[in-house]
Structure formats: structure tokens, C-alpha cells
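There are 2 protein chains.
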Amino acid sequence: MNAEILCIGTEILLGDIVNTNGAFLARQLAQLGIDIYHQSVVGDNADRLRDALRLALSRADMVITTGGLGPTYDDITKKTVADYFGVGMVTDEASMRRIKEFEARINRTVKSNELQAAVPEGSTVFFNEVGFAPGLALEKEGKTVIMLPGPPNEMRPMFLNKVVAYLRRGSTDTILSRTVHIFGMGESQVEETLRDIMTSCVNPTVAPYAKFGEVQVRISAKAPDEEAAMKMIEPVLERIRERLGDLIYGIDVGSMHNAVVMALSEKGLTLAAAESCTGGKLSAAITDIPGASKVFIGGVCAYSDAVKRSVLGVSARTLKKYGAVSEQTASEMAKGIRRIAGADIGISITGIAGPDGGTAEKPVGTVCISVDSGGYGETKRFMLDRGYGEVRETVRHMSVLNALSMILKAAKANKPL
Amino acid sequence: MNAEILCIGTEILLGDIVNTNGAFLARQLAQLGIDIYHQSVVGDNADRLRDALRLALSRADMVITTGGLGPTYDDITKKTVADYFGVGMVTDEASMRRIKEFEARINRTVKSNELQAAVPEGSTVFFNEVGFAPGLALEKEGKTVIMLPGPPNEMRPMFLNKVVAYLRRGSTDTILSRTVHIFGMGESQVEETLRDIMTSCVNPTVAPYAKFGEVQVRISAKAPDEEAAMKMIEPVLERIRERLGDLIYGIDVGSMHNAVVMALSEKGLTLAAAESCTGGKLSAAITDIPGASKVFIGGVCAYSDAVKRSVLGVSARTLKKYGAVSEQTASEMAKGIRRIAGADIGISITGIAGPDGGTAEKPVGTVCISVDSGGYGETKRFMLDRGYGEVRETVRHMSVLNALSMILKAAKANKPL
Numbered sequence: 115m116n117a118e119i120l121c122i123g124t125e126i127l128l129g130d131i132v133n134t135n136g137a138f139l140a141r142q143l144a145q146l147g148i149d150i151y152h153q154s155v156v157g158d159n160a161d162r163l164r165d166a167l168r169l170a171l172s173r174a175d176m177v178i179t180t181g182g183l184g185p186t187y188d189d190i191t192k193k194t195v196a197d198y199f200g201v202g203m204v205t206d207e208a209s210m211r212r213i214k215e216f217e218a219r220i221n222r223t224v225k226s227n228e229l230q231a232a233v234p235e236g237s238t239v240f241f242n243e244v245g246f247a248p249g250l251a252l253e254k255e256g257k258t259v260i261m262l263p264g265p266p267n268e269m270r271p272m273f274l275n276k277v278v279a280y281l282r283r284g285s286t287d288t289i290l291s292r293t294v295h296i297f298g299m300g301e302s303q304v305e306e307t308l309r310d311i312m313t314s315c316v317n318p319t320v321a322p323y324a325k326f327g328e329v330q331v332r333i334s335a336k337a338p339d340e341e342a343a344m345k346m347i348e349p350v351l352e353r354i355r356e357r358l359g360d361l362i363y364g365i366d367v368g369s370m371h372n373a374v375v376m377a378l379s380e381k382g383l384t385l386a387a388a389e390s391c392t393g394g395k396l397s398a399a400i401t402d403i404p405g406a407s408k409v410f411i412g413g414v415c416a417y418s419d420a421v422k423r424s425v426l427g428v429s430a431r432t433l434k435k436y437g438a439v440s441e442q443t444a445s446e447m448a449k450g451i452r453r454i455a456g457a458d459i460g461i462s463i464t465g466i467a468g469p470d471g472g473t474a475e476k477p478v479g480t481v482c483i484s485v486d487s488g489g490y491g492e493t494k495r496f497m498l499d500r501g502y503g504e505v506r507e508t509v510r511h512m513s514v515l516n517a518l519s520m521i522l523k524a525a526k527a528n529k530p531l
Numbered sequence: 115m116n117a118e119i120l121c122i123g124t125e126i127l128l129g130d131i132v133n134t135n136g137a138f139l140a141r142q143l144a145q146l147g148i149d150i151y152h153q154s155v156v157g158d159n160a161d162r163l164r165d166a167l168r169l170a171l172s173r174a175d176m177v178i179t180t181g182g183l184g185p186t187y188d189d190i191t192k193k194t195v196a197d198y199f200g201v202g203m204v205t206d207e208a209s210m211r212r213i214k215e216f217e218a219r220i221n222r223t224v225k226s227n228e229l230q231a232a233v234p235e236g237s238t239v240f241f242n243e244v245g246f247a248p249g250l251a252l253e254k255e256g257k258t259v260i261m262l263p264g265p266p267n268e269m270r271p272m273f274l275n276k277v278v279a280y281l282r283r284g285s286t287d288t289i290l291s292r293t294v295h296i297f298g299m300g301e302s303q304v305e306e307t308l309r310d311i312m313t314s315c316v317n318p319t320v321a322p323y324a325k326f327g328e329v330q331v332r333i334s335a336k337a338p339d340e341e342a343a344m345k346m347i348e349p350v351l352e353r354i355r356e357r358l359g360d361l362i363y364g365i366d367v368g369s370m371h372n373a374v375v376m377a378l379s380e381k382g383l384t385l386a387a388a389e390s391c392t393g394g395k396l397s398a399a400i401t402d403i404p405g406a407s408k409v410f411i412g413g414v415c416a417y418s419d420a421v422k423r424s425v426l427g428v429s430a431r432t433l434k435k436y437g438a439v440s441e442q443t444a445s446e447m448a449k450g451i452r453r454i455a456g457a458d459i460g461i462s463i464t465g466i467a468g469p470d471g472g473t474a475e476k477p478v479g480t481v482c483i484s485v486d487s488g489g490y491g492e493t494k495r496f497m498l499d500r501g502y503g504e505v506r507e508t509v510r511h512m513s514v515l516n517a518l519s520m521i522l523k524a525a526k527a528n529k530p531l
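Going line by line, the protein sequences match chains A and B.
For this note's numbering, count along the first sequence from 1 and bump the result up by 114.
For this note's numbering, count along the second sequence from 1 and bump the result up by 114.
Next up, the structure:
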């Protein structure tokens, strides 16, 4: 089974809104084992929509549309699809009831709203629990068109609660994916290291993709059930583990900041952060995770030397002798924040994010990071300007990733409570 | 002139990343007066890419591709386009030099990297200042294909700095845009307020777009020179100012955190931040701006009550009587951080970001923000859960925006030094 995604709406076509529906549907369909080879966007134009529909149905078994089901004159999806299939329009009673109830509540009739209850004859109707426009499926001669509303908050629950069940009628296969998270090696090097595995594996498939500063490798298997899929994935995962070893910081952990919160939670450890050049980005990343408050006590963004001294207790002598960006200052910052916050682990970052502020001895991109947990400590100097990219953004982002990686190591080195 | 956008990459096709390039390019092309009727996405598959290219070139004068220019085996764009136009590949010397310099610096040769310097014969080359893969334009029989790299941080500056000039060859008109930044009113309300202006203006055009939590209105004029374009924009800007007044926080200021750094710099004021539920996001946003160190002294991420008390000096009595999320605690946090950092302005945020932690009295989304500058102070309570969207992300993001807005107000209320 293969499908195409067709997003309808001039506001998407012209870039006034970013097409998040395409990505959502593509992921969901991939999970259901439905292949996607094309996604398209057309505006609210009946001729071009009809052409796009014809083309998509010539290439795929199924077309999923989003948008154009609303109450205004430029919402043309239902009528265009009905014309294409040669069927008329009828009223969906459940949707009409919903609209009438709303009108009674606001004590006003909105004629255009009622248009949303009109559906092509013979459609399967997906009731809209959030908005008024129902979703629809129409089948003919082995081809299916599924029409979904454009607003993501209506489309997503409708897809998950109604369309998935509709699509799985009769299907028995499951698709399962596992994601290997890698830090400390670039995408092309990961690919070189795993090329033979990637090219020889068909089911499961193995595919890398780069995120800013890290690489993920996804292993996806299609099998009759989850257990069978897991069994197919395991030996491939093992081969990847053998090659990449410690560069793998987690499997299915979502992100490095999530991995850190998970590791600290498991060990019952608490963390506090002292940041200079990252200015709160590390704390912000960690506290993005719900439940971070159980492991993260707080942080100090010591942007000025005065705060490094007065709040964190870095000695004036250290600052004078070695400078604010030095292993010595980093180490005193980590110890200081650990002490004042009463945390198990203290982490610190101090560096030169640029674009200005570099010197010959300490160029932009020089960053010192220190982690301290009493029994375990590590302080490292990095050069994080890669010579391309937005330097400030790169240095700050890579500082956060390296700090998270050092926290993970420290958490592993600590005995559980 | 009309164009199609063709985004290439299995990671977009399968929804692993959201296609923001499509929206960016569509907006930019619209501004240049180039019509867009279709956008498509295909994976890293040469056959389907060739078919998509053929179809797009049959419908449009120009196709703009993103992605598939990188160093790995699945980066197929250049070769596929060259084959389609029947030309061979040659080496672009400037790009190769750039790669060699990088290799010399890291003291290692990465064979696959050098592939990025290969370009179709006869191409116009757009040097990549951020990454290694150059952008390319190839023309034949009145049809043009422009190939841009996939990573947005490479594609965007290349488009703005190089491709725009390429597209405007021969044109003598200038296009000038000014952006009005609005905070405190939703997109549909802004649209209602400005509808008559938007629909009646043809040159300059007036178009709103929503960013997460704020709205921007862009006024674009086409004229023989910049001065003439400016003159055309001014009266429209004046009409918008009359309607929206204080809701406008700046013109062409980029972002609210940039506006804050600019305002503080102009007035010679310094800032320090005490954050609870935002966990460093406010500090991180401000320090994203180069030069923030001149105005931002530092911050405390007081995630736990202990840190609120010990570091910021919030009284135990206040915490007990009113709770950590209260106007009283927020006010003491703002005063505390201002004092310990020795800053002109102190800002604080304390709230319940969710998804857990809410109570009947203080539901998730309750946030108190306080700003204090000695002579001027303001403390406000907000309800920032909009009832849809990812609640934690929404509450944290809207907290930062509201805090920035309050800092701007405080900066304006302060006399310059």
C-alpha cells in the first residue's frame, strides 16, 4: 500500500504557515507501514486541485488531503473530490446536529457553518470532536481519498482516533522503529562506519540522519507483530553497538537532555548548573523536560565576572591568574554551584561564544566545561568553532551538548542512592 | 514568471523533520513577485526526483530545489539535474579550496566532503558561507533549476545574499520591506483590525504572519529605488501605527529579545534575571544576541524554593504565606536578583509550566512576572495555557515573551544615563 499527502491551502502554498501536517501524517503513515513517495501542496484552486488529485491517484493507491473543508468560499476539497468520483453531496446528520447545537448555544445561525455538514455521497465520515468540519473517506475502483481538516488541533486527534482504525481494517503487519542516538562523530563518518550495514539491510532498514551536532540512526522493521519486529531489530542494533560503542548515548531516548533527566532520575541524583557563555541554554534545555524539577535544583547564569565571584565564589585570584575562560575557573564554578545549590552534581560552562571577544590565545569557540560530584570530577577544554555556520549559535549549542554528555558520564560514574 | 518548490529528502518525506524551507522560499518568492502554484516533496530517489523535476518544469518556468547537495551517497540532486539537462560535472575551485582549508585545519582528508565541490557544467555557483555544499543554478531553453542546500541555516543566507540578486538580474526595480512587530493581539484580530488596509493596498502590499505568540505585519513596496519605496511604505506604516499603537513593540527589530538588547544598550541600562518555571529560557534568549554581555549581567535559575530563598533572598514567610507562584514571590525575586547582580533592572518569572503541578487555585499556566528598576516596578499575574498546543512549551514560551515585553516597558520608563 502506498499513499500520497496532498496539503491544500493558499496559506501553506505561499508560506504564511509552515506545513506541519505533512510531517505529522508522513510519520504516522510510515508507522502504519504505508509507503510515501510524494507530498504536494496546492492552493485553494479547484482546477489545480483536480489535476493534483488525478496525478496523485495515478501514482498511489491512496491520497490523504488536509485543508479546504471549512465554511468559506475557498474551501473546495469536498466538492472537487465528489466531482472527481462522480457523486453528489448529502448532509451528514451527526455533523449538522453538532452545528445546530452550537448555533442554539450562541443564539445565532451561521449559514456558512452548515456547509460543513455536506459530504460526498457514499463517504465514510470521521466525526470532528474539535471543530465542525468532519473528515471523509471516499473509495472507488481500488483508490481511496481521505480528506482531513487543515487545523492541526482538529486533524491530529481525528487521524489518531478515527483514521488509524479505518486504515488498519484487514492489515496484520506492524512497523517498529528504534533510534540510536550518537554524539561525538559527524554524520558522514557515522555513515562511513555503518555503510555496509545500511546498504545490506532491507528489512529492517537502517537510515542515519543528522541533527545539529548529533546523529541518529533509525532501524525500522516490518513484521507480523511487535515481538517479531523487535527480534529482527536486535542483531542489527548489536552490530551498530559494536562499531560505535561509547559514542552511543542512548536508544530511543528522544534527546540528550531527556537522556540526562532520565539518567539522573534513575540514579536519584540532583543537578545544578553554572553557565557563562551559554547564558541559561543548558538549564533551559534540561527544564524543557516535564519532571525536570525532580532532578534539577537550579542554575546561575554568571555572565559577568562579578557574579562568578559573588554568587559562585570563584576566587578573584583564579579569575585574575587564569582568566574567566579557563579550566581553573570552570572547575571552581562547578564546585561553587554544587555547593550553593546543595546538588549531587555541579556542571559549569565558560567560554567565548563570539562573534567578538576572542584573542590569539583564546580564540572564539574556546570553551571550558567542568563537572563535579564530589567523588568524581572532569574538566575539559574544547574548541567548538567549526569554521562554518553561525559561530555564536554553533558554539553555544555545542557547549550545551558537550556539557550534557559530561553530565551523563558523571551520572553513570555515580553509584545509585 | 512562476516557480515551483521541490524539497528533496527522505527525512522530510517521512516527516522526520518539518519542511520549513518550503514556507521560507514561498514567502521570499512571493515578495519577489514570482508566482507559486505547487510545492512538492520527494525522497532521496533518483527516478522519482527526475520525474518530479520533469513535471515541475512542464508546469513552471523555474524550479527551486532544497536538499540532496551533501556529501553522502543519498545526496543525488546535482547529478540528477545535470543528467536531466545533459551536462557533465566539473569541480568548483572556490568550494574545493574551502574544503581543503578545512581539512588542513582538522588535519584529515574526508573524501566524501570533496564531492560537495562537484557542480554541473555551466552552472552559476552560489558560494556557501555556512557549510560546504555550494548552491547552483542551471538554465536551458528558458527553464531554470536552482539547487539550494537543505539545512535552513545554510539555505536561508544563501537565498537572501546570493539567489535574490541572481533572480533580480535585469530588473531595475527595488523591493523593500519593513516589518511591524506586534505583541499582545492574536493574528485573526490583527487581521480584522487591518483588513481594509491589507485588501486595498497593492503596492506596497501588506501581509500579516503569526509567529509563536506574536504577529508580524510586513509592508513591501516595489519602486525604482529604495528612497521611493520608503516613501510609499511610510503612510501605510502610519495607518497601522494609528490602529495598533502600543501593541507595536518595534519596526524591523528582528525579535523581541533583540529589541530588548537594543533598548537597554541605547539607554545604557543593565539587566539581571531570576527564572523559575522558564528555567533559563529568558536568559538564553537574551544572550543569543551578540553583544548581550554589555547589558546582561547574569541570572539565577531558581528552580527550587531553596535556591529562591538562599540565593535570591526571598523570605521564607512570603514563600509559605503566598506560595512560590505568587505576585509577592515574583516581586521579591526581581528585587533580589537586581540587588545581588547590581543591575539597573531585575526581572523575575515564577509559574506552573505543567503538564503536572497545577491546583484548583493555581492551575497549570499560572505565571507571575515582576520587573523592578528601583524607581519603576510592575508585577503581573498571567494565565498562559491557551487550552491547545503543547502546554509546557506554550507556557514557557509565552512567559518569556511577556517578560521581555515588561522589560521593554521598564527600559522605556527609565531615563537614559
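Think of the CB as a built atom: it goes at the ideal place given N, C-alpha and C, for glycine as much as any other residue.
| message | Spatial neighbours of residue 433 of chain B within its chain, please: C-beta separation below 8 Å, excluding the five flanking residues on both sides. | response | 419, 422, 423, 443
| task | Say whether chain B places a C-beta atom closer than 9 Å to the C-beta of residue 507 of chain A. | result | yes
| query | From which residue to which residue does the beta strand (DSSP E) around residue 333 of chain B run? | reply | 328 to 337
| Can you name, in chain order, every residue of its own chain whose Cβ lies under 8 Å from the Cβ of residue 286 of chain B, other than the five neighbours on each side? | 338
| I think residue 115 of chain A touches residue 210 of chain A, with their Cβ atoms under 8 Å apart; what is that distance to the nearest whole Å? | Between residue 210 of chain A and residue 115 of chain A the Cβ distance is about 33 Å, and since that is not below 8 Å, they are no contact.
| request: Look at the Cβ atom of residue 506 of chain A, then the Cβ atom of residue 468 of chain A, and state whether they are nearer than 9 Å. | output: yes
| message | Please classify residue 476 of chain A as buried or exposed, where buried requires at least 16 other C-beta atoms within 10 Å of its C-beta. | response | buried
| said: For residue 148 of chain B and residue 136 of chain B, which I take to be in contact (beta-carbon distance under 8 Å), what is that distance rounded to the nearest angstrom? | reply: The Cβ separation is near 14 Å, so there is no contact.
| said: Residues in the same chain with beta-carbon distance under 6 Å from residue 524 of chain B, minus the five sequence neighbours each way, listed in chain order, please. | reply: 459, 485, 487, 490
| message | In the DSSP output, which residue or residues are listed as bridge partners for residue 482 of chain B? | response | B:464, B:495
| request: Kindly say whether residue 510 of chain A, judged by its beta-carbon, lies nearer than 9 Å to any beta-carbon of chain B. | output: yes
| Residues in the region 120 to 136 of chain A with C-beta within 8 Å of chain B's C-beta atoms, listed in sequence order? | 126, 127, 128, 129, 130, 131, 132, 133, 134, 136
| query | chain A partners of residue 156 of chain B, CB-CB under 9 Å? | reply | 151, 152, 153
| Whose Cβ in chain D lies nearer than 8 Å to the Cβ of residue 480 of chain A? | The displayed structure is made up of protein chains A and B, and chain D is not among them.
| said: Starting from residue 206 of chain A, trace the alpha helix (DSSP H) in both directions and tell me its first and last residue. | reply: It is not in any alpha helix (DSSP H) - residue 206 of chain A carries neither H nor E in the DSSP assignment.
| What span of residues does the beta strand (DSSP E) with residue 120 of chain B cover, start to end? | 116 to 122
| Beta-carbon proximity of residue 154 of chain B to residue 121 of chain B, cut-off 9 Å | yes
| query | With contact counted as at least three CB pairs below 8 Å, one residue from each stretch, are the region 227 to 246 of chain B and the region 267 to 279 of chain B in contact? | reply | yes
| said: Using 8 Å as the cut-off, can you tell me whether the region 510 to 520 of chain A makes contact with the region 274 to 284 of chain B, which would need three or more C-beta pairs spanning the two stretches below that distance? | reply: no
| task | Please check if any C-beta of chain A sits within less than 9 Å of the C-beta of residue 395 of chain B. | result | yes
| query | Comparing alpha-carbon positions, which option in A:219, A:223, A:208 lies nearest residue 232 of chain A? | reply | A:208
| field | Contact check, residue 397 of chain A vs residue 200 of chain B, beta carbons under 9 Å | value | no
| task | Out of A:456, A:361, A:376, point me to the one whose CA is closest to residue 406 of chain A's CA. | result | A:376
| request: State buried or exposed for residue 388 of chain B, treating a residue as buried only when at least 16 other CB atoms are found within 10 Å of its CB. | output: buried
| task | Use the C-beta contact count for residue 157 of chain B: other C-beta atoms within 10 angstroms, 16 or more gives buried, fewer gives exposed. | result | buried
| said: Using the Cβ count rule (16 or more neighbours within 10 Å means buried), how would you classify residue 449 of chain A? | reply: buried
| message | Under DSSP, the alpha helix (DSSP H) around residue 299 of chain B begins and ends at which residues? | response | From DSSP, residue 299 of chain B is part of no alpha helix (DSSP H); its letter is neither H nor E.
| message | Using C-beta distances below 8 Å, list every residue in its chain close to residue 216 of chain A, excluding the 5 sequence neighbours before and after it, in chain order. | response | 227, 246
| query | Can you tell me whether residue 531 of chain A is buried or exposed, with buried defined as 16 or more other CB within 10 angstroms of its CB? | reply | Since pLDDT at residue 531 of chain A reaches only 47, below the 50 mark, its modelled position is unreliable, and no value is offered.
| Enclosing alpha helix (DSSP H) for residue 198 of chain A [first to last residue] | 191 to 199
| message | 9 Å is my cut-off, CB to CB: does residue 404 of chain A come that close to chain B? | response | yes
| Under the DSSP definition of a beta bridge, which residues are partnered with residue 372 of chain A? | According to DSSP, which records beta bridges pairwise, residue 372 of chain A is partnered with nothing at all.
| task | Answer yes or no: does any C-beta atom of chain B fall closer than 9 Å to that of residue 400 of chain A? | result | yes
| request: Check the Cβ-Cβ distances between residue 340 of chain B and every residue of chain A, and say whether any is below 9 Å. | output: no
| field | residue 229 of chain B beta carbon near the ligand SAM (any heavy atom closer than 8 Å) | value | With respect to the ligand SAM, the structure offers nothing, as it holds no ligand at all.
| query | Between residue 212 of chain A and the rest of its own chain, which residues show a CB-CB distance below 7 Å, the 5 nearest in sequence each way excluded? | reply | 246
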